[in-house]
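Input: a single structure, listed below in C-alpha cells.
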C-alpha cells in the first residue's frame, strides 16, 4: 500500500488546483489520480479551435447522456465532461466568468458561511494572471492566465454594433464592477493557447516536485474507511486493483456527476437507495446526488456568406490553411478562437438584482453540440437561464464505478423556467434582428416560423439542452440536505472533503470553470488550517 498525505481524486479544475498548491510544501506528499489517459499538452488540447473536435465526441470526454427529460419532450440530453488532466477546463470554450456577487452572498445567507462575495473575491484574484486588465478587479500574479481573444475577428464588431442598435449596453469587462450588457469574453489562454487548470497548476511542477505524483488511467473505485474516518482510496490502474493510504485527508474532485457517484459507492448517501443496490451503508446522507442544477440553453443559428465565420466550404478550407500558418508563426487568428467569442448578461425584468440570462455568440453554426454539421458558414447565439428553479439528481445505475450514473437535470420541470426562457428568447431575437447582424444573414436555420409565445415554448422544448454547467450534487451548508459543511468536509465522517462544482449550493450566474478554480484555491487554505 502506498502512503501519502493527501489523495486527490480527479484531475479536473479543482483537483489540479489542490495538487499544485498543496505540493508547494515539500514536506507534504500528494497523489493526484486521474482516470483520463489523453495527452493534456497535445495540440488537440492547447490549440483553442480544437475544442470543436473534442466537444461532440469521446476524445478526452466522458460524453454522458441524461435520462429522458420530461420538460424536453422526452429527449435525452448530452453531457460532455473532461476525461483528461485538466478535466473540463481542457475541453471547454475557455470563457472566464466569475458570476455575480449576489450569487455568493446568497450562498453565505443560506448556510455556506465564509463564501460571500467579499470572502471569495481574494481567491479569484489569487488564481488569476490577467494580461489585459490591471485594476482592483483582477489579479496579475496567479497561475491561471486570462486574456482577451487573439482572433482579430472583425465580425465581433458587427455583434457589438447590433447590441447598440438593439438598445443594450456594451461593456468591456464582465468581471468588473458591472456585469449587465453585451461584450467580448475574456478567456483562459496564454499567448493564444489554452491555459487549462493542468497547464496552470500541475504541468510546471510535475517533474520538478518529488512530493507530487500524478497517476493517469487511474479509476478510483471507492473510498476506504476505518470506522468513520476516510483513510485511503482503492483504484484500478493498468488492470490491477491498488490502494493508497492518505495520512491526512482524501479529497474528492470528480465533478458534479462522479463525486456523488463515488460517495454513494463508498456507502455515503441515501440509505434506502444504497440498500436496494446491495451497498453497505457507512453513513446515511440523503442529499448526496440531489440538488443537481444546470443552465438550460437554446441556440439560434443562421447561415452567412461572411468568411470570417467558421464553416464548411472550399473557400473556408483555403482560409483555414492560411490561418494554420499564421497560428504557427504568431499564435493569433482563427485557430485561437474559442468559438463563443461574444456574450452578454441581460435581465428579463428591470427589477431584478442581477442578470438572469446569459448569451454566447458563436462565430460558427452550432447544432446538437456540434454533432450535426451544416454546409457553408454562419453564426449562432446561445441564450441560457442563469438561475433555474428546477432541481434534478444524480443516481447510481449499478454497483460499479464504470457504470455511468443516471443524470437527471430536470430541465424545464418548473414552469417558471420555461416562461423566463420565453422572455430570454425574445431578448436574444431582438439582438439577432438588429441591422448589423441581419445584414449578414442568409437564412434562419432553426426558428424561421416561430412567432407566438406558444411557438416559442414549443421550439424551446424541442431544442433546449445543457450549456455544460452542472453543479450542486454535494451541496455545501448545514441543512438536512447538505453534504459538506462550509469547510467542504463531508458531514458525518472524518478525513474526507469534496472540492469541485458539486459543492455549490446553487448555480452562479455564468460559466462555472473560474468558480471551480476559486473553490480549489479557497479549499487549500481550509485544508492547511486543519490541525
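Numbering (the numbering used here), first residue to last: 15 to 545.
No residue lacks a Cβ here, since even glycine has one placed at the ideal position from N, Cα and C.
All figures in this text were calculated on a predicted structure; none of them were measured in a lab.
In this structure, residue 514 lies away from residue 347, with their beta-carbon atoms at least 8 angstroms apart. Residue 349 and residue 61 do touch by the CB rule: their CB atoms are close to 6 angstroms apart, below 8 angstroms. Per DSSP, reduced to three states, the secondary structure at residue 155 is coil, with no helix or strand assignment. Beyond the five residues adjoining it in sequence on each side, residue 30 comes within less than 6 angstroms, by CB distance, of 211, 212, 215 and 216 in the same chain, given in chain order. Rounded to whole angstroms, the Cβ separation of residue 446 and residue 126 is 38 angstroms, and the two are not in contact under 8 angstroms. In the DSSP secondary-structure assignment, residue 503 is bridged to 511. Your pair residue 49 and residue 231 checks out as a contact, with CB atoms roughly 7 angstroms apart and the cut at 8 angstroms. In the structure shown, residue 354 adopts extended strand secondary structure according to DSSP, grouped into three states. Taking 3 residues as the shortest admissible run, the stretch 278-343 contains the following complete beta strand (DSSP E) segments, listed from N- to C-terminal end: 304-306 and 310-318. If you look at residue 65, you'll find it in the alpha helix (DSSP H) that goes 65-68. Secondary structure at residue 108: coil, using DSSP grouped into helix, strand and coil. Beta-bridge analysis with DSSP links residue 121 to no other residue. In the DSSP assignment, residue 251 falls within the beta strand (DSSP E) that extends over 243-251. Within its own chain, the residues whose Cβ lies closer than 6 angstroms to the Cβ of residue 27, once the five positions on either side in sequence are excluded, are 101, 103, 211, 527, 530 and 531, listed in chain order. Your pair residue 483 and residue 308 checks out as a contact, with CB atoms roughly 6 angstroms apart and the cut at 8 angstroms. Residue pairing for residue 390: DSSP places it in a beta bridge opposite 326. In this structure, DSSP gives residue 398 an extended state, which the three-state scheme calls strand.
In the displayed model, residue 234 falls within a strand according to three-state DSSP.
Distance from the Cα of residue 405 is smallest, within the candidate group 363, 495 and 361, for 495. The continuous beta strand (DSSP E) containing residue 20 extends over residues 16-23. The beta carbon of residue 319 lies closer than 7 angstroms to those of 391 and 456 in the same chain, with the five residues before and after it left out.
As far as DSSP is concerned, residue 41 takes part in no beta bridge.
Burial of residue 535 is indicated by the presence of at least 16 other C-beta atoms within 10 angstroms of its C-beta. In this structure, residue 311 sits away from residue 184, with a CB-CB distance that is not shorter than 8 angstroms.
Residue 74 sits in coil when the DSSP states are folded into three classes, being neither helix nor strand. In the structure shown, the three-state DSSP call for residue 408 is strand. Pairwise C-beta distances place the stretch 84-99 in contact with the stretch 417-428, as three or more of them are shorter than 8 angstroms. Note that the stretch 323-332 touches the stretch 385-399; at least 3 beta-carbon pairs, one per stretch, sit closer than 8 angstroms. Contact between residue 277 and residue 511 does not hold, since their C-beta atoms are separated by about 11 angstroms, which reaches or exceeds 8 angstroms. The DSSP-derived three-state label of residue 454 is coil. When the five nearest sequence neighbours on each side are left out, the beta carbons in the same chain lying within less than 6 angstroms of the beta carbon of residue 298 are those of 285, in order along the chain. Per DSSP, residue 192 has no beta-bridge partner at all. For residue 434, no beta strand (DSSP E) encloses it; the enclosing alpha helix (DSSP H) starts and ends at 429-446. Comparing alpha-carbon positions, the option among 468, 473 and 507 lying closest to residue 460 turns out to be 473. In the three-state reduction of the DSSP assignment, residue 36 falls in the helix class, which pools H, G and I.
Non-local beta-carbon contacts of residue 317 in its own chain, meaning distances under 6 angstroms to residues more than five positions away in sequence, involve 390, 392, 456 and 457 in chain order.
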